[in-house]
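Residue numbers (my numbering): 12 to 149.
Where is the CB? At the ideal position from N, CA and C, for every residue including glycine.
Because the structure is a prediction, the values reported are computed rather than measured.
Below, the structure written as structure tokens:
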């Protein structure tokens with residue numbers, strides 16, 4: 012599920028300065044130019060990930076289709092020598108935080124005044140959203 016969430020982030024890599032003249036797909040990139048990798052585009056490329064806008068963690072399970080899909084951890088934290096030195100720390104921190112929350116709380120949908128569960132409408136947005144949910148300590 013962590014890999015699937017990495018794909019949903021709106022990401023641009025850190026800017027890099029080109030140290031020598033270069034050419035990419037017929038485009039000339041002069042020395043001194045600033046380039047920024049569009050990680051969001053890579054993560055939402057339908058050639059790499061069929062139906063990239065759907066939440067589908069099973070796409071990364073050990074199956075024939077997962078063999079052909081690039082692991083997003085290979086590009087969301089940067090590339091080559093410029094990869095984020097804290098990538099492993101970030102992943103382990105998220106794992107420990109989620110495990111701690113799940114061990115301490117029961118997470119459920121909100122209920123109305125009659126005790127009936129309220130199912131929230133789920134839509135992707137470009138902003139941070141919050142949903143009301145009930146939590147209780149174990």
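Which of helix, strand or coil does DSSP assign to residue i?
i	result
residue 42	coil
residue 116	strand
residue 69	helix
residue 132	coil
residue 99	helix
residue 109	helix
residue 57	coil
residue 91	helix
residue 83	helix
Could you give the C-beta distance for residue i and residue j, rounded to a whole number, given that I count them as a contact under 8 Å?
i	j	result
residue 50	residue 87	6 Å
residue 54	residue 83	6 Å
residue 80	residue 60	6 Å
residue 120	residue 132	Their Cβ separation, rounded to whole angstroms, is 12 Å, which puts residue 120 and residue 132 out of contact at 8 Å.
Have a look at the DSSP bridge pairing and note the partners of residue i.
i	result
residue 33	40
residue 28	45
residue 122	128
message: Using a Cβ distance threshold of 8 Å, determine whether the stretch 23–41 contacts the stretch 89–99, with at least three qualifying pairs required.
response: Taking 8 Å as the limit for Cβ pairs, the verdict is that the stretch 89–99 does touch the stretch 23–41.
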